[in-house]
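Protein chains: 2
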Amino acid sequence: MTAEDPRWLSPGELRAWTRLEAVAELLPVALDQQLQRDASLSHYDYLVLAKLSEAPGRTLAMSQLAAATNASLPRLSHVAARLEDRGLLGRRRSPEDRRTTLATLTESGWRTVQATAPGHVAQVRRLVFDRLSAEQVDQLDQIALAVLTALDPDGRLEARCTATQEAVAPGRPHTPEGAGSQ
Amino acid sequence: MTAEDPRWLSPGELRAWTRLEAVAELLPVALDQQLQRDASLSHYDYLVLAKLSEAPGRTLAMSQLAAATNASLPRLSHVAARLEDRGLLGRRRSPEDRRTTLATLTESGWRTVQATAPGHVAQVRRLVFDRLSAEQVDQLDQIALAVLTALDPDGRLEARCTATQEAVAPGRPHTPEGAGSQ
DNA sequence: CACTCATTGTTGAAAGATCAACTATCATCG
DNA sequence: CGATGATAGTTGATCTTTCAACAATGAGTG
């Protein structure tokens, strides 16, 4: 029935796993709390707005936005409906392919991201990067990439490409320059 | 108004962060799916049963169990109620301190953990440890510990201690030896 | 002993996520 | 052109999580 003992985790692996589980459980909670308190947004809400803010024309198709935020389309659809009700984004049918819905950040949504980004980045720094050496940041990147390769074998997710960088002015992550452009 | 530019993330940090976000989003989903499919358990359900299975007498107070599983007490309470309905664990008042509730794994719960552990470990291996070198496992452990220190400054969580090891026979994580004991 | 406060846990309502339909558009092929 | 199937997105039911009360016990203090 069983093979020859399914290979258990070694003590070192087990310790790393226990800690990774704890981080995976607690980090999202900590991010949610800061954003909820300061902007009444969940971490996922923020991610949606941030990805739109980086996109050309501050606009993305729902399916692209879902991929960019690592989420299912149904989940995004519900979230987008709520964000639309709050006036932070707008949705309209694409003229070219009328199946696709284009989501665009509104002015209000843009201002919300602008206002919220510094506090969020500060939280990310406080929880993660202030604790890590430059070497560890590289190591984390490599490790996360390796795990992502298993999680997303087909390479659908944008987080696997290095291309993410291009959408962002170096050193200025979530705030493209044209702040005043309508 | 703004300070002197809240320090943004460097390109390297941003890339690592994007990937970590993706892992934190997708890894729990992947774990849930395997466990849901094979045992109708969420990852958190499994964690509750697994922690109980490692505890002396297969019993823990609810608050200890909440800490061991990195969750809030209300969350655990609801989950425990469902697991109790399914006959996987039992709850009773402690005779010593009648505020505390002691949760104990039932025989059925024990068998469920036994039957489920190999598949779960295989999934963890497939998604994480098969992709990492021994060095990277160490690095991951150190990085996760650093982040946990920020997430849990008071050290309430057991994942921060190395002590987790003691509860587990080396090389045999979720299955203490007395497998046949009725 | 009575009062107060902290600890432990449960509960119910509201918000959020998941899953399985379902609609609508497009693409392919006979 | 009509049929088939794939792609894009929404919706509603169901389940889970969260949050704010609440109850009950214990500990400390005058």
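So the sequence lines, in the order shown, correspond to chains A and B. Residue numbers for the first sequence, in my numbering: 1 to 182. Residue numbers for the second sequence, in my numbering: 183 to 364. Idealized CB from N, CA, C, for every residue including glycine.
Residues from the region 284–314 of chain B in contact with chain A, defined by Cβ distance under 9 Å: If the cut-off is 9 Å between Cβ atoms, the region 284–314 of chain B has A299, P300, G301, V303, A304, V306, R307, R308, L309, V310, F311, D312, R313 and L314 near chain A.
- request: Along the beta strand (DSSP E) that carries R273/B, what are the first and last residues, could you check?
  value: Reading the second sequence from its first residue, position 91 is the one you call residue 273/B. Taken as a continuous stretch (DSSP letters only), the beta strand (DSSP E) holding R273/B covers L271 to R275.
- request: For E183/A, I'd like the list of residues in its chain whose CB is within less than 7 Å of its CB, leaving aside the five on either flank, ordered along the chain.
  value: Because residue 183/A is not part of the residues shown, which for chain A are 1 to 182, the question remains open.
query: Where does the unbroken alpha helix (DSSP H) through A249/B begin, and where does it stop?
result: If you number the second sequence from 1, residue 249/B lands on position 67. DSSP places A249/B in the uninterrupted alpha helix (DSSP H) bounded by M244 to A250.
task: Could you name the residues of the same chain whose beta carbon sits closer than 7 Å to that of S290/B, not counting the 5 residues immediately before and after it, in chain order?
output: Here residue 290/B refers to the residue found at position 108 when the second sequence is read from its first residue. Only residues of its own chain outside the window of five on either side were considered, and among them G269 and L270 have a CB closer than 7 Å to the CB of S290/B, listed in chain order.
query: Is the Cβ of T346/B closer than 8 Å to any Cβ of chain A?
result: Your numbering for residue 346/B matches position 164 in the second sequence. For T346/B, the pLDDT reaches just 43, beneath the cut-off of 50, and the residue's location in the model is therefore unreliable, although a value from the coordinates is still provided. Closer than 8 Å: yes.
query: Would the beta-carbon of W8/A fall within 8 Å of that of V303/B?
result: Mapped onto the first sequence, residue 8/A falls at position 8. Mapped onto the second sequence, residue 303/B falls at position 121. In contact: W8/A and V303/B (Cβ atoms closer than 8 Å).
field: Other residues of its chain near V261/B: CB distance less than 7 Å, five sequence neighbours each side excluded
entry: For this step, residue 261/B is matched to residue 79 along the second sequence. For V261/B, where only same-chain residues beyond five positions count, the Cβ hits under 7 Å are Y226, D227 and V230.
- request: Output the distance between the C-alpha atoms of R257/B and A22/A, rounded to the nearest integer angstrom.
  value: Start at 1 with the first residue of the second sequence, and residue 257/B comes out as number 75. Start at 1 with the first residue of the first sequence, and residue 22/A comes out as number 22. Cα-Cα distance, rounded: 15 Å.
- request: State yes or no: is the beta carbon of Q216/B nearer than 8 Å to at least one beta carbon in chain A?
  value: Taking the first residue of the second sequence as 1, we reach residue 216/B at position 34. Chain A contact via Cβ: absent.
task: Inspect the beta-carbon positions of M244/B and L255/B and report whether they are closer than 8 Å.
output: Numbered from its first residue, the second sequence carries residue 244/B at position 62. Numbered from its first residue, the second sequence carries residue 255/B at position 73. M244/B places its beta carbon less than 8 Å from that of L255/B.
query: Alpha carbon to alpha carbon, what distance is there between A221/B and R58/A?
result: What you label residue 58/A is simply residue 58 of the first sequence in a count that begins at 1. What you label residue 221/B is simply residue 39 of the second sequence in a count that begins at 1. Straight-line Cα distance between these residues: approximately 43 Å.
task: Have a look at A66/A and P56/A and give me their C-alpha separation to the nearest angstrom.
output: Position 66 of the first sequence, counting from 1, holds the residue named residue 66/A. Position 56 of the first sequence, counting from 1, holds the residue named residue 56/A. If I take the Cα positions, the gap works out to 16 Å.
- prompt: If we call anything under 8 Å between Cβ atoms a contact, is V137/A one with R313/B?
  reply: Translated into the one-based positions of the first sequence, residue 137/A becomes position 137. Translated into the one-based positions of the second sequence, residue 313/B becomes position 131. No. Outside cutoff.
Other residues of its chain near V306/B: CB distance less than 8 Å, five sequence neighbours each side excluded: Position 124 of the second sequence, counting from 1, holds the residue named residue 306/B. Once the five neighbours on either side are set aside, the close Cβ partners of V306/B are L213.
message: Report the start-end ranges of each alpha helix (DSSP H) in the region 21–61 of chain A that is 4 residues or longer and not cut off at the edges.
response: Here the runs fully enclosed are 43–54.
query: A297/B by DSSP, collapsed to three states: which one?
result: Counting from 1 along the second sequence, the entry for residue 297/B is found at position 115. Helix, per DSSP.
message: Which of the three DSSP states is assigned to L284/B in this structure?
response: Mapped onto the second sequence, residue 284/B falls at position 102. L284/B: strand per DSSP, three-state reduction.
Chain B residues whose Cβ lies nearer than 7 Å to that of P28/A: Translated into the one-based positions of the first sequence, residue 28/A becomes position 28. Under the 7 Å cutoff, chain B gives A206.
message: Any beta carbon from chain B within less than 8 Å of T149/A's own beta carbon?
response: Translated into positions along the first sequence, residue 149/A becomes position 149. So yes, T149/A belongs to the interface.
- request: Closer than 9 Å, Cβ to Cβ, to anything on chain B: give me those residues from the region 80–97 of chain A, in chain order.
  value: Residues passing the 9 Å Cβ filter: none.
field: Residue burial classification, E278/B (beta-carbon count within 10 angstroms, cutoff 16)
entry: Residue numbering aside, residue 278/B sits at position 96 when the second sequence is read from its first letter. Of the other Cβ atoms in all chains shown, fewer than 16 fall within 10 Å of the Cβ of E278/B; this residue is therefore exposed.
message: Between L322/B, R201/B, L196/B and A232/B, which has its C-alpha nearest T294/B's C-alpha?
response: The residue you call residue 294/B lines up with position 112 of the second sequence. Of L322/B, R201/B, L196/B and A232/B, the residue nearest in Cα terms is A232/B.
query: Is it right to say R99/A is buried, meaning 16 or more other beta carbons lie within 10 angstroms of its own, or is it exposed?
result: Your numbering for residue 99/A matches position 99 in the first sequence. By the 10 Å Cβ count, R99/A comes out exposed.
- prompt: R354/B to L208/B, Cα distance in whole Å?
  reply: Taking the first residue of the second sequence as 1, we reach residue 354/B at position 172. Taking the first residue of the second sequence as 1, we reach residue 208/B at position 26. In this prediction, R354/B scores a pLDDT of 40, lower than 50, which makes its location untrustworthy; the coordinate-derived value is nonetheless stated afterwards. Rounded to whole angstroms, R354/B and L208/B show a C-alpha spacing of 26 Å.
- prompt: By a C-beta neighbour count over all protein chains shown, 10 Å radius and 16 as the cutoff for buried, is R264/B buried or exposed?
  reply: Working through the second sequence from its first residue, we reach residue 264/B at position 82. R264/B comes out exposed.
- request: State the Cα-Cα distance for the pair L102/A and T18/A, rounded to the nearest angstrom.
  value: Looking up residue 102/A in the first sequence gives position 102. Looking up residue 18/A in the first sequence gives position 18. If you take the alpha carbons of L102/A and T18/A, they lie about 41 Å apart.
message: On the CB-based measure, 16 or more other CB atoms within 10 Å of its CB, does R126/A come out buried or exposed?
response: In the first sequence, residue 126/A corresponds to position 126, counting from 1. Exposed, because fewer than 16 other Cβ atoms sit within 10 Å of the Cβ of R126/A.
query: What is the residue span of the alpha helix (DSSP H) that E266/B lies within?
result: Indexing the second sequence from 1 puts residue 266/B at position 84. Where E266/B is concerned, the enclosing alpha helix (DSSP H) stretches over L255 to D267.
field: Nearest-angstrom Cα separation, counted from S315/B out to A332/B
entry: In the second sequence, residue 332/B corresponds to position 150, counting from 1. In the second sequence, residue 315/B corresponds to position 133, counting from 1. Taking the CA atoms as reference points, A332/B sits about 26 Å from S315/B.
field: Same chain, Cβ closer than 6 Å to G119/A, neighbours up to 5 away in sequence not counted
entry: By one-based count along the first sequence, residue 119/A stands at place 119. Cβ neighbours of G119/A within its own chain (closer than 6 Å, five residues either side excluded): D38.
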